[in-house]
Every structure is written in C-alpha cells, then in structure tokens.
Ligand SMILES: *Cc1c(COP(=O)(O)O)cnc(C)c1O
C-alpha cells in the first residue's frame, strides 16, 4: 500500500533531492511517525521549519480558528490576522527597524532584500561569501556561493564577488564603495553549520558603514530563536541594515519576511513590488501564534541553555571518534563535521530513530525543535555515537 504510494512520487514527481525510503505520516512536537508506526526524534525538522515542534498546539488552534473566518485577503485590503501578526512580530524586532515586507518563502525574502538594496543604493554589484546559501531563484542563486547549485544556470542576473567566510583581514580590501550590499548568514547553514567569528561580523559592519554599503543578514535559518536569540545578530551584537527571516516563523506554513531599518521607510512605490499570497490570513494566524510561543515560553533562553549543553555533550562524546573532525554550532543549529561524506550516516541514524540532515557535504547537521528534553539529548548522543563508532 505505502510502497504503491511511494511509487507515484518516484514516477511522476520531479526529483532533485536524495530521498529516504520512509513515508512520514504524522508529527507531534519533536517526534514524527512513519507509515509502519515507527517513531523518530526529528532533528531534521524540514531544514529547520518545525523549530516550534510539529503541530504546536497554539499554532494549530490559531489555524483552526482562522479556517472558520477567511483564507485569502490581498495586501490591497487590511486584515485582522495580518495586523495582529505584525503587532506581535514587532515585539521581537529591535527598535532600529521600522518596516517589514511579507513573502511566501525564504528565497523570496532574500529576493526582496536584494531589490531593496538595489533601489536604495542605485548600484548592482554584491559581495557574498563562499559556501553561502541564500535560495534557488535566480537572484538569490546569484549570491549563493556553491558551484553545484549555480553551474547549470549561469550567467546569473547579478554581478557578485565571493569572498572567504570569516576572513577578517580581507574585509577592508573586499568591501568597496561600488557595492550595493554585502549579504551574509551569521551562521552558514547549508554550507556546513559555520558560525561567523564575532570580529568578522563586526568588521563587516564597520567597513560597510564607513563606505555607505548596505549590510544584509540572511537569518532565514538562524532567526526566530534558532541560535538562542530572537535573531542571531543580537547574539553577535551587530545590527545589519536589512535582515531576512522564514522557515519556522509560521510553525510549518510557508512564509518569508524581510525587515529594514526605520529610516528606509517603505522603499517601494506601488507597482514596484507585490505578491499574490503574501500576508495570507491562514499563514498570518499561524505566525502570530508562533511569535506568541516564542515570547511566552522564553524559547531563546531555553535554546541557549540546552544548546550549550548539547554542544558540550556532543564534543565530549564524539570528538575523539575516528571519523569526527569537529563539533560546531550555535544554539540549536549544530553540526558534527566528519573527515568524509556525511550522507552515508543518515540511514543508520534513521534506523536508530533519529532524523538529521547533511550540510556542506561532510557535516551531519542537527536542527532539533526547541522542545527537546534531556532524554532526547541522550538519544541524539547515543545514536550518533553508535553510528560513528563502527
Ligand atoms: C532555507 C534558506 C533559504 C531559502 O528559503 P526557502 O524557504 O527554501 O525559499 C534562504 N536562506 C537561508 C540562509 C536558508 O537557510
């Protein structure tokens, strides 16, 4: 029965992901179940989307309430669900920022950030970093520093220079006055879970300010509590001019948000930007509940505390093992970097009841939900240890 259903995906759904042969049918907070009734701890969370857990009760309740009201209202009208989300969202955004742009995915949030930078600066060139990931549309792909993702689609629309990530001593030379913006992830996600060095982000901030170049932080993966702060930039004490968010905000529904400094104002004239689905009431209701969970349950603080503990235990238990190069990360964005490809370890981990993902080819990436317990930490450590000892 399930084999037959998998067959439809295999036969007709265009394939561009390496697929694991389990059918996930249900989720509840940090756990998911497959069609055979097997339970898994989810440290994959759909590349970080289910950070608030699967079917977080407050998110589900908000969605159910909205289902009985209305599902679509364009940005040409006001909507109560949307206004309530904006009100709550601004509670977790520092005062420096004054306007948000709503989109339907992280990639789109990046596209908007690039458009904003172009319009404000009137320049067209960007500086981005090697091993960065900013999305798959042509603009976002232009600033993505991964040959494998880009090669088939070149030439890409923006002129982009790529610099080594964390190379503090090269910042002064690379940030030139002809740039529209510099775009960077505070912790590189897809590129291998690489936290920026604080002095690297500080140097970028200082030099971009001096030369009147905009600084964009892509917080689609790092934002919304994931690194132990509402926004990773708060952990670093460096404020960008523009930042993006997405993934976990709406508790599993599609969303992207771009946030800009107060003094930039609205940026676009009517006609210069738009989106049919943006600000969709169902997504807005879910996202409003998401922000409420983040604030009322002190999620960043919990993640900071548990993340440090998990990082310490991963280091203690795994660092000495033969295939392990290093353990790294920030908050609940963690990686075990190996001396070889990480992909062959995913299926054995699934067999032990743990879902994880790969980043940068050689890193086992853990993106657990905020609600994992000490027992769950134990399962993560034990299954990684077992799979890496062989
Ligand atoms: C996932 C991700 C994106 C793309 O988001 P989508 O929702 O897949 O479009 C962009 N930037 C970063 C840093 C990401 O991790």
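Residue numbers (the numbering used here): 400 to 789.
Heads up, the beta-carbon is just placed ideally off N, CA and C, and yes, glycines get one too.
Quick check on DSSP: helix, strand or coil for residue i?
i	result
residue 450	helix
residue 413	coil
residue 502	strand
residue 597	helix
residue 718	coil
residue 777	helix
residue 614	strand
residue 571	helix
residue 764	strand
residue 468	coil
residue 788	helix
residue 771	coil
residue 606	helix
residue 589	coil
residue 422	coil
residue 400	coil
residue 406	helix
residue 497	strand
Please check the pair residue i and residue j, which I expect to be a contact at CB under 8 Å, by giving their CB distance rounded to whole angstroms.
i	j	result
residue 422	residue 401	5 Å
residue 515	residue 666	5 Å
residue 503	residue 676	5 Å
residue 710	residue 733	6 Å
residue 579	residue 642	The pair is not a contact, with the Cβ atoms about 16 Å apart (cut-off 8 Å).
Which stretch, first to last residue, makes up the alpha helix (DSSP H) that contains residue i?
i	result
residue 517	505-520
residue 441	Premise fails: residue 441 lies in the beta strand (DSSP E), 438-441, not in any alpha helix (DSSP H).
residue 750	745-750
Under the criterion of a Cβ to heavy atom distance below 7 Å, does residue i qualify as lining ligand 1?
i	result
residue 443	no
residue 504	yes
residue 620	yes
residue 682	no
residue 592	no
residue 406	no
residue 584	yes
residue 532	yes
residue 446	yes
residue 589	yes
residue 665	no
residue 645	yes
residue 433	no
residue 655	yes
residue 511	no
residue 479	no
residue 617	yes
Following the continuous beta strand (DSSP E) through residue i, name the residue where it begins and the one where it ends.
i	result
residue 431	430-433
residue 631	Run containing residue 631: none in the beta strand (DSSP E); it sits in the alpha helix (DSSP H), 631-635.
residue 625	No beta strand (DSSP E) contains residue 625, which DSSP labels as neither H nor E.
residue 725	723-729
residue 487	Per DSSP, residue 487 belongs to no beta strand (DSSP E); it is in the alpha helix (DSSP H), 479-488.
residue 755	Note, residue 755: premise wrong, no beta strand (DSSP E); not H, not E.
residue 578	578-583
residue 735	732-737
Is there at least one Cβ from chain C nearer than 8 Å to residue i's Cβ?
i	result
residue 486	The structure shown has no chain C; it contains just one protein chain.
Review point. Could you give the uninterrupted runs of the alpha helix (DSSP H) lying entirely in the segment 637-705, keeping only those of 4 residues or more?
Key: DSSP assignment within the segment 637-705 yields the following whole alpha helix (DSSP H) runs of 4 residues or more, N-terminal first: 680-695.
Check your understanding: Which residue spans inside the segment 514-568 form an unbroken beta strand (DSSP E) run of at least 3?
Key -> DSSP runs (the beta strand (DSSP E)) wholly in the segment 514-568: 524-528 and 558-562.
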